[in-house]
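First up is the structure itself, then whatever we jot down about it.
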Amino acid sequence: FEPKIALIDLGLYEKSIVAESIEGKVFNLSLEKDYKISNILLFSLPLLCCYMKKNYLFLSDSGKLFANDQLISTNCTSFICSKEYLVFTTTSHLVKFVKLTSKIDDFIIPSDNVTNIEVRFIEKGSKIISIIPSITALIFQMPRGNIETIYPRILVLSEIYESIKLKKYNHAFLSCRTHRIDTNILYDYNPSQFLNNVHLFINQIDSSEYLNLFLSTLKEDNLTETLYNIELKKESNIAFEKKVTNTSFSKVNTICDHVLKALEIYSDDKYMESILTAHLSKIPADYDSALKLIINLKNINLNNAQKAIKYICILADVNMLYNHALSLYDLQLALYIAQNSQKVDPKEYLPFLQDLQKQTVNRRCFTIDNYLEKYEKALTYLVKLGNDVFNEICDYVVLHNLYREAMKAFKDDPVSYNKILELYAVYHEKNNHFKESALAYEILNNYEYAIAMYKKAGLWRKALTLAMKSKISSDDMNKLAESLSCIMQDKRKFCDAADIEIYYLKNLKEGLRLLCKSFDYNKAYELAQYYNSSELIQDIIIPGLLEGFFELTELFYELSSQLKIQVERVRVIRKKREQNSQTYFDSKDNEDIPDNISLADTNTSTSVSIFTRYSTYTTTTNINEKKDKANRREERKKAYKQKGSIWEEEYLLNSISRLIDRLEDARKDAEKTIQGLLLEKLNEKANLLQKQMTCLVEDVKECLEEMFSYTIENLPENMKNSIRTLPIVRPINELKILILK
1 FEPKIALIDL GLYEKSIVAE SIEGKVFNLS LEKDYKISNI LLFSLPLLCC
51 YMKKNYLFLS DSGKLFANDQ LISTNCTSFI CSKEYLVFTT TSHLVKFVKL
101 TSKIDDFIIP SDNVTNIEVR FIEKGSKIIS IIPSITALIF QMPRGNIETI
151 YPRILVLSEI YESIKLKKYN HAFLSCRTHR IDTNILYDYN PSQFLNNVHL
201 FINQIDSSEY LNLFLSTLKE DNLTETLYNI ELKKESNIAF EKKVTNTSFS
251 KVNTICDHVL KALEIYSDDK YMESILTAHL SKIPADYDSA LKLIINLKNI
301 NLNNAQKAIK YICILADVNM LYNHALSLYD LQLALYIAQN SQKVDPKEYL
351 PFLQDLQKQT VNRRCFTIDN YLEKYEKALT YLVKLGNDVF NEICDYVVLH
401 NLYREAMKAF KDDPVSYNKI LELYAVYHEK NNHFKESALA YEILNNYEYA
451 IAMYKKAGLW RKALTLAMKS KISSDDMNKL AESLSCIMQD KRKFCDAADI
501 EIYYLKNLKE GLRLLCKSFD YNKAYELAQY YNSSELIQDI IIPGLLEGFF
551 ELTELFYELS SQLKIQVERV RVIRKKREQN SQTYFDSKDN EDIPDNISLA
601 DTNTSTSVSI FTRYSTYTTT TNINEKKDKA NRREERKKAY KQKGSIWEEE
651 YLLNSISRLI DRLEDARKDA EKTIQGLLLE KLNEKANLLQ KQMTCLVEDV
701 KECLEEMFSY TIENLPENMK NSIRTLPIVR PINELKILIL K
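Every letter in the sequence shown is one number past the one before it in full-length UniProt numbering, and letter 670, counting from 1, is 670.
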């Protein structure tokens with residue numbers, strides 16, 4: 001063998017060695033049958049290395065670490081191998097752990113980020129001298145010459161995972177305790193294996209104290225995906241089962257249920273504390289099951305029960321235990337729990353418990369449930385006390401809004417049921433639920449109140465029908481009808497008001513006037529012909545037509561003027577932005593906004609003379625919808641900005657959208673008015689109104705593409721979301737009999 005040997009190590013096979021020559025070449029030397037030495041060149045290193053381990057790991061004097069001929073690190077100071085890891089130190093005072101794989105190309109070299117589990121700080125100048133896999137210890141020699149031992153978490157986890165694979169739960173649990181590893185890993189590493197071997201787990205740890213520790217530290221998080229996820233990520237042969245995401249699944253409750261089932265075969269005395277811990281460790285804690293267990297134990301062995309009470313008072317919230325003991329109506333248990341608490345003052349609970357002891361069973365249960373704010377349950381016991389406390393029941397129902405529960409309880413007692421129903425009607429009246437209140441009063445045959453509630457609800461047909469049913473006097477009937485007519489007119493429901501005037505008040509003239517006000521000329525003509533009254537047509541319908549004509553022409557003129565101003569302003573804004581966007585967004589134009597340009601919230605409006613019916617009509621604001629309220633507040637802030645702000649275009653476009661909505665509403669009334677004008681030979685006015693409407697619609701259609709398509713394509717995303725999409729304008733259905741000039 002000609003090359004000069006620099007390093008030599010035992011080979012992987014019998015009668016073979018691995019040698020490195022001074023030129024950096026690595027050979028495999030083996031002894032043949034004829035005792036001749038054969039050599040095979042494995043690979044060549046770029047430089048001579050002074051240290052070799054496991055035949056393929058080499059370290060040079062300059063700190064370069066190689067795996068075969070692949071460079072692993074350029075600043076290595078020492079290294080060692082375990083069964084699973086390559087461990088090496090660096091000049092950056094770090095120790096790094098590399099998972100050994102069958103292919104060197106699959107080695108993952110960790111970065112210098114010490115937050116990774118594969119990297120940790122060490123003292124400057126420390127060098128590895130040994131590793132003890134059985135106790136997961138890594139031994140260093142310090143610069144001072146002393147020897148120190150550490151237990152790297154990655155090695156500890158590797159050992160714990162291996163123990164779990166082999167179902168050595170006792171060894172895994174003790175390792176977790178020794179090295180402060182969260183014991184949730186015993187389940188998280190392989191959930192199905194753990195649940196199938198709960199008996200084995202309990203038998204192996206064989207300690208109620210250890211089992212209590214495990215149960216009390218359970219948490220919903222899967223630690224293999226969070227705190228200890230890196231090790232699992234690199235395990236290629238691990239059989240880890242991930243639970244399908246399910247909001248109803250609870251890891252903690254599942255483990256506790258399996259442990260409770262497994263503990264059924266054991267003596268209650270040995271694992272009593274563990275059973276209590278399992279109940280109280282659930283999410284939410286199952287206080288009732290734990291306390292019922294103590295109640296059963298109390299009847300068998302009072303001393304053991306008192307010990308159990310002391311234990312759960314340490315484990316759980318004493319106030320919750322006290323309240324749940326009361327909910328079980330066991331005063332003695334509640335007293336024991338209170339006595340074992342240092343937080344509860346005897347002056348607070350002793351008089352209360354003594355008072356409960358003096359009460360009858362139903363009164364005691366009511367008092368307890370009322371104290372615990374279980375009002376529905378408390379009501380059931382109050383009802384059991386009988387009719388002697390009916391007034392108290394009524395007060396309790398009103399206080400806690402238990403009307404439905406009370407009606408259910410008294411469904412077989414008509415007198416009591418009707419009294420509760422009357423209280424329910426009053427409740428709805430106070431909360432402005434007039435329809436529900438009216439229905440309740442009607443069921444009670446209290447027609448006077450029912451009519452009043454239907455009137456407030458605006459249900460005029462129900463109110464008048466019930467009034468006729470109750471056979472009230474003619475004067476009262478007329479007064480009711482008049483008031484309902486006024487209410488409908490205030491709500492701008494002129495057709496409903498007209499029906500009341502015509503059919504109940506027999507006031508045909510006023511009814512026709514209201515029909516004309518709602519632009520329902522066809523019905524007005526029908527009624528005039530039915531009553532064979534041409535005077536009504538001359539005195540009511542024709543003046544109504546003319547009034548509608550003037551109202552609509554004035555509206556269309558206003559909308560046309562507003563459209564021209566707003567479109568022109570949008571064009572100016574866009575021209576400024578295109579010329580110099582930065583100057584535009586930084587400028588503040590102090591000119592006043594024209595009065596007819598609305599910058600109001602798109603969801604609200606105010607009264608505007610005779611044109612209110614064509615505006616967005618909002619009478620109430622839902623203050624419970626916080627999101628909408630916040631949006632409206634933000635819109636108002638934007639609206640208060642002066643002309644020239646970056647939001648002006650957005651508000652102008654929203655204003656144009658609202659204008660189109662008003663136009664669409666008015667067009668329906670205009671078409672009815674045009675037909676009426678034609679019937680009365682008022683062709684010029686009909687022609688003028690249709691021409692005005694047609695021109696306005698055409699103007700709107702011409703500007704739509706320019707206004708809104710530009711916005712969608714060119715505005716920033718944060719402004720696009722605030723502007724409406726392209727409005728839809730119906731085509732004009734012109735009457736052929738009219739000729740537009």
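From the three backbone atoms N, C-alpha and C, an ideal C-beta is built for every residue, glycine too. Computed from a predicted structure; not experimentally measured.
Check                                                                                                                      : Outcome
Inter-residue spacing [alpha-carbon to alpha-carbon] between D412 and N387                                                 : 13 Å
Between the CA atoms of L57 and D188 - distance to the nearest angstrom                                                    : 35 Å
Neighbourhood of L678 by C-beta, 6 Å cutoff - its chain only, sequence neighbours within 5 removed                         : A686
Coarse secondary structure for residue 825, derived from DSSP in three states                                              : Residue 825 falls outside the range modelled here, since the chain spans only 1 to 741, and no answer is possible.
Identified DSSP bridge partners for R120                                                                                   : V95
Boundaries of the beta strand (DSSP E) in which V389 is found, first to last residue                                       : Careful: V389 lies outside any beta strand (DSSP E) and carries neither H nor E.
Opening and closing residue of the alpha helix (DSSP H) in which T673 lies                                                 : 648–679
Beta-carbon contacts of E510 that lie in its chain and below 6 Å, excluding the five residues immediately before and after : E501
Residues of its chain near D221, where Cβ-Cβ distance is below 6 Å and the 5 sequence neighbours each way are ignored      : none
Pairwise C-alpha distance: M272 and K180                                                                                   : Sequence check: residue 180 is Arg here, not Lys. Straight-line Cα distance between these residues: approximately 26 Å.
Distance, A308 Cα to Q332 Cα                                                                                               : 14 Å
Terminal residues of the alpha helix (DSSP H) in which V87 lies                                                            : Unbroken run through V87 is the beta strand (DSSP E), 85–90; no alpha helix (DSSP H).
Neighbourhood of residue 749 by C-beta, 7 Å cutoff - its chain only, sequence neighbours within 5 removed                  : With the chain covering 1 to 741 only, the question about residue 749 has no answer from this structure.
Rounded distance between the beta-carbons of V259 and L223, thought under 8 Å                                              : In fact, because the Cβ distance is near 19 Å, the residues do not count as touching under 8 Å.
Cβ neighbours of A524 in the same chain (closer than 8 Å, five flanking residues each side left out)                       : L512, L515, C516, I540, I541, G544
Boundaries of the alpha helix (DSSP H) in which S327 is found, first to last residue                                       : 318–327
Segment contact, 8 Å Cβ cut-off, at least three pairs: the segment 647–654 with the segment 480–498                        : no
Inside the UniProt domain "ELP1 TPR" (366–524) only - alpha helix (DSSP H) runs reaching at least 4 residues               : 375–384, 390–400, 403–409, 414–430, 434–443, 447–457, 460–469, 474–490, 494–499, 508–517
Inter-residue Cα distance where the pair is I132 and G24                                                                   : 31 Å
Residue nearest to K419 in terms of C-alpha spacing, selected from N432, F434, E436, V397                                  : V397
Neighbourhood of Q566 by C-beta, 8 Å cutoff - its chain only, sequence neighbours within 5 removed                         : I597, L652, S655, I656, L659
Bridge partners - Y51, DSSP secondary structure assignment                                                                 : L59
Distance, I22 Cα to N39 Cα                                                                                                 : 16 Å
Buried versus exposed call for E264 [16 or more other C-beta atoms within 10 Å across all chains shown]                    : exposed
DSSP-derived helix/strand/coil call for V114                                                                               : coil
Nonlocal neighbours in the same chain, by C-beta distance under 8 Å from A409, ignoring five residues either side          : L379, T380, V383
Meets three-Cβ-pair contact criterion under 8 Å: the segment 108–122 and the segment 160–177                               : no
Spatially closest choice to residue 817 from A172, T254, N304, by CA coordinates                                           : Past the edges of the chain, shown from 1 to 741, lies residue 817, and the structure says nothing about it.
Cutoff 8 Å; reference L563; Cβ partners in own chain excluding five residues on either side                                : I656, L659, L696, D699, V700, C703
Identity of the residue in L353, E392, A670, A334 nearest S518 by Cα                                                       : A670
Length of the line joining the Cα atoms of L280 and A290                                                                   : 7 Å
First and last residue of the uninterrupted beta strand (DSSP E) at L71                                                    : 70–73
As assigned by DSSP and simplified to three states, the class of I139                                                      : strand
Reduced DSSP secondary structure (H/G/I, E/B, other) of L65                                                                : strand
Sequence-distant residues of its chain with Cβ nearer than 6 Å to N622 (five each side left out)                           : Because the pLDDT at N622 is just 47, under 50, the model does not fix this residue reliably, and the point stays unresolved.
From N507, I472, S473, G458, residue whose alpha carbon lies closest to that of L484                                       : G458
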